[in-house]
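Quick note: to get the numbering used here, add 118 to the position in the sequence shown (first position is 1).
For glycine and all other residues, C-beta sits at the position ideal for the given N, C-alpha and C.
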Amino acid sequence: MAMTVTSVFAIERGEEERDIADINRRAQAMNSAIERRAFTGASYLRAGAALLSAQSEVSENLFNRFVAELRLDSDYRGSDGIGWAPVLEPGDVDGFNQALARRRDDLLLHPTLAERPRDTMVPVLYLQPDTQRNRRAIGFDMYSERVRREAMDEAARTARPTASGRVVLVQEGARQDSGFLIYMPVFDTSAGGRKLKGYVYSPFNADHFLEASADLVSYEGFGARLFDLEDGKRTLIAELPGWHSTGLTVEREVKLADRPMILVVQSARDTALSGMSMITLLFGLAVASLLMLVARLLTQQALEDGRSLDMLMEQNSIRNSLTRELNHRVKNTLANVLSIVALTRRRASGLDEFAEGIDARIRALSATHDLLTQSEWGTTPLRSVVEVELAPYAHDLDHEILLDGPVVELAPNDALSLGLALHELATNAAKFGALSVSGGRIEVRWSMQGERLARIEWVESGGPPVLKSPPRGFGTELIEKIVAHELRHPVELDFDVSGVRCTLLVPVRQPGEFALRERSADAK
């Protein structure tokens with residue numbers, strides 16, 4: 119009997135350890151899937167905010183075309199779509215109701231000011247796709263409800279995608295299914311200020327969102343719950359059908375669009391004895407020796423599962439670090455793009471000029487990004503950056519281009535900034551300088567100034583005479599403001615009569631200062 123009891127204990131312990139390892143793995147996979155879906159939704163909303171902030175008016179045709187161009191795929195499952203809600207004051211209500219009436223006679227802002235007096239409104243104006251379910255939400259003032267209002271205020275304060283707590287979507291009609299929304303504020307920067315225009319947002323049915331996330335991992339037989347966390351209080355917002363009253367559970371904190379939530383994953387195994395334990399009890403001492411061998415094998419399997427879990431946790435830590443690094447670099451790139459859009463818009467005299475300027479500068483960023491991708495976002499040779507930006511003019515026999523300098527490796531962000539500056543210089547030379555006439559000459563020379571600084575000199579000759587004080591254009595502002603700020607060194611731009619001269623100072627950093635893998639290796 120002692121052998122039988124020991125065998126049962128060993129088997130149950132092995133099953134429990136394997137179950138814990140399995141449920142931890144499932145919980146981590148579910149956590150990653152939820153954050154990935156939330157990040158995908160937030161990325162679409164960021165794109166919408168960037169587009170709509172540059173528009174003087176958000177028309178229905180523009181918004182519908184934007185959503186259609188997104189081509190929302192299965193990664194956006196669980197969401198009811200993407201909507202636009204402008205910020206209104208009481209004096210704007212009549213105009214808003216007239217705009218709704220042009221689309222459908224029975225549409226009005228609700229609740230009305232008579233039902234609930236208030237100074238600010240954020241009603242739903244557009245919501246795509248255009249389904250019967252989504253039409254229920256048109257005209258609803260989301261700012262009239264506390265949970266939605268708090269999420270919108272937080273999004274406006276941080277200028278980042280922000281999720282709300284538990285709500286019942288207007289789309290549910292008479293049903294009370296839990297849901298949540300992710301808001302991204304849209305600011306009007308046309309006058310140089312920062313006025314809130316409205317919000318681009320996505321509504322989510324919480325159960326559908328959790329099921330869509332679970333579909334990315336194998337969760338058959340496992341249960342899962344998602345809780346909203348506010349001031350230490352948990353509120354259940356979603357539950358998978360497999361949840362039952364007993365079984366081991368594991369909790370993970372999830373950041374869903376800057377809102378903390380708790381994911382609880384439950385084991386498919388209940389608290390009753392396993393089949394192997396029941397067999398052991400039935401056969402007793404007759405098969406005790408055999409069962410002890412099985413128990414030993416199961417224990418070894420549990421140890422292997424433990425080692426596998428440790429490895430998975432380490433891999434997840436690396437993945438999280440890579441995700442944070444990617445977010446940082448994407449935000450930097452988006453900041454550059456937004457600055458280029460704003461400056462180009464101020465300098466452009468028409469839509470065609472604006473589109474041409476944006477296209478050329480985004481292509482310049484893309485060309486440098488290709489170099490960084492080839493180097494796996496490690497160091498990039500300075501010569502390669504120069505050659506990429508001058509490639510369109512390098513094979514023209516009417517011009518002479520001279521490149522000279524030692525081997526210098528640049529960090530990714532510094533290479534992007536240098537590429538932007540060289541693109542503007544080359545474009546200016548092609549329009550007005552040495553590359554605009556036959557016999558023009560461009561010299562790009564670089565040298566090390568100390569151990570941590572590269573000096574790059576751009577010299578034009580053989581072109582048309584240069585005005586001593588030419589009118590300032592976008593390229594000049596981009597080089598002297600954006601590029602100088604990113605490189606953390608001033609830029610010398612001299613409009614000499616014989617040709618434009620430009621001197622840039624670029625930091626030369628050690629890989630350990632920006633390469634994630636180098637930092638990990640040093641830490642080990």
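Measuring CA to CA, which of Leu540, Leu623 and Ala281 is closest to Gly568? If you number the sequence shown from 1, residue 568 lands on position 450. That would be Leu623, whose Cα lies nearest to the Cα of Gly568.
Considering only DSSP beta bridges, list what Glu610 is partnered with. Taking the first residue of the sequence shown as position 1, residue 610 is located at position 492. Answer by DSSP bridge pairing, in chain order: Thr621.
Under a three-way DSSP split, which group does Ser125 fall into? Taking the sequence shown and counting its residues from 1, the one referred to as residue 125 is at position 7. Reduced to three states, the DSSP call for Ser125 is helix.
Evaluate the contact criterion for the region 580-588 versus the region 549-556: three or more CB pairs, one atom per stretch, below 8 Å. yes
Since I believe Val335 is in contact with Met148 (beta carbons under 8 Å), could you give me their beta-carbon distance rounded to a whole number of angstroms? In the sequence shown, residue 148 corresponds to position 30, counting from 1. In the sequence shown, residue 335 corresponds to position 217, counting from 1. 6 Å between Cβ atoms; contact.
Figure out for me which residue from Lys313, Gly257 and Ser467 has the closest Cα to the Cα of Ala277. Here the question's residue 277 lines up with position 159 in the sequence shown. Per the Cα distances, Lys313.
Asp198 versus Gly297: straight-line alpha-carbon distance, rounded: What you label residue 198 is simply residue 80 of the sequence shown in a count that begins at 1. What you label residue 297 is simply residue 179 of the sequence shown in a count that begins at 1. In a straight line, the C-alpha of Asp198 is about 10 Å away from that of Gly297.
For the beta strand (DSSP E) containing Thr353, name the first residue and the last one. Within the sequence shown, the letter at position 235 stands for residue 353. That run of the beta strand (DSSP E) goes Lys351 to Glu357.
Please identify the residue among Ala548, Ser467 and Asn531 whose C-alpha is closest to the C-alpha of Thr498. One-based indexing of the sequence shown puts residue 498 at position 380. If we check each option's Cα against that of Thr498, Asn531 comes out closest.
Tell me, to the nearest whole angstrom, how far the beta carbon of Thr367 is from that of Val383; I am working on the premise that it is less than 8 Å. Reading the sequence shown from its first residue, position 249 is the one you call residue 367. Reading the sequence shown from its first residue, position 265 is the one you call residue 383. Yes, Thr367 and Val383 are in contact; Cβ-Cβ is about 7 Å, under 8 Å.
Could you give the first and the last residue of the continuous beta strand (DSSP E) run that contains Leu605? In the sequence shown, counting from the first residue as 1, residue 605 sits at position 487. No beta strand (DSSP E) contains Leu605, which is instead part of the alpha helix (DSSP H) from Ala602 to Leu605.
If we count the other Cβ atoms within 10 Å of its Cβ and call it buried at 16 or more, is Gln146 buried or exposed? Looking up residue 146 in the sequence shown gives position 28. Burial call: buried.
Where are the alpha helix (DSSP H) runs, 4 residues long or more, that stay fully inside the region 240-313, in chain order? 250-253 and 264-276
Beta-carbon contacts of Phe340 that lie in its chain and below 8 Å, excluding the five residues immediately before and after: Here residue 340 is taken as the residue at index 222 of the sequence shown, counted from 1. Only Ile141, Arg144, Leu358, Gly360, Val383, Gln384, Ser385 and Ala386 meet the Cβ criterion.
Tell me the rounded alpha-carbon separation between Thr124 and Arg414. Residue 124 sits at position 6 when you count from the first residue of the sequence shown. Residue 414 sits at position 296 when you count from the first residue of the sequence shown. Each residue's Cα considered, the two are about 11 Å apart.
Beta strand (DSSP E) segment containing Leu508, residue limits: The residue given as residue 508 occupies position 390 in the sequence shown. It is not in any beta strand (DSSP E) - Leu508 instead sits in the alpha helix (DSSP H) that spans Leu500 to Ala512.
I need the straight-line Cα distance from Glu443 to Met302, nearest angstrom please. Locating residue 443 in the sequence shown gives position 325, counting from the first residue. Locating residue 302 in the sequence shown gives position 184, counting from the first residue. Confidence at Glu443 is low in this model, with a pLDDT of 49, below 50, so its placement is unreliable and no value can be given for it.
Please say whether Val242 and Met260 have beta carbons closer to each other than 8 Å? As a working mapping, residue 260 is identified with position 142 in the sequence shown. As a working mapping, residue 242 is identified with position 124 in the sequence shown. Contact: yes.
In three-state terms, what does DSSP make of His228? Locating residue 228 in the sequence shown gives position 110, counting from the first residue. In this structure, His228 counts as strand in the three-state DSSP scheme.
In the DSSP assignment, find the unbroken beta strand (DSSP E) run with Asp346 in it and report its ends. As a working mapping, residue 346 is identified with position 228 in the sequence shown. Gly341 to Glu348 is the extent of the beta strand (DSSP E) around Asp346.
Taking only three categories from DSSP, how would you classify Leu366? Start at 1 with the first residue of the sequence shown, and residue 366 comes out as number 248. Coil at Leu366, not helix or strand.
Count the C-beta pairs between the region 211-228 and the region 161-177 that are closer than 8 Å, then say yes if the count reaches three, no if not. no
Which residue comes first and which comes last in the alpha helix (DSSP H) that contains Glu187? Start at 1 with the first residue of the sequence shown, and residue 187 comes out as number 69. For Glu187, the uninterrupted alpha helix (DSSP H) run begins and ends at Glu178 to Leu188, by DSSP.
Could you check what DSSP says for Arg559 in three-state terms: helix, strand or coil? The sequence position of residue 559 within the sequence shown is 441, counting from 1. Strand at Arg559.
My understanding is that Arg619 touches Trp576, with C-beta atoms under 8 Å, so please give their C-beta distance in whole angstroms. Within the sequence shown, residue 619 is the residue found at index 501, counting from 1. Within the sequence shown, residue 576 is the residue found at index 458, counting from 1. The pair is a contact, with the Cβ atoms about 7 Å apart (cut-off 8 Å).
Cβ-Cβ distance between Gly523 and Ser565 below 8 Å: By one-based count along the sequence shown, residue 523 stands at place 405. By one-based count along the sequence shown, residue 565 stands at place 447. Contact: yes.
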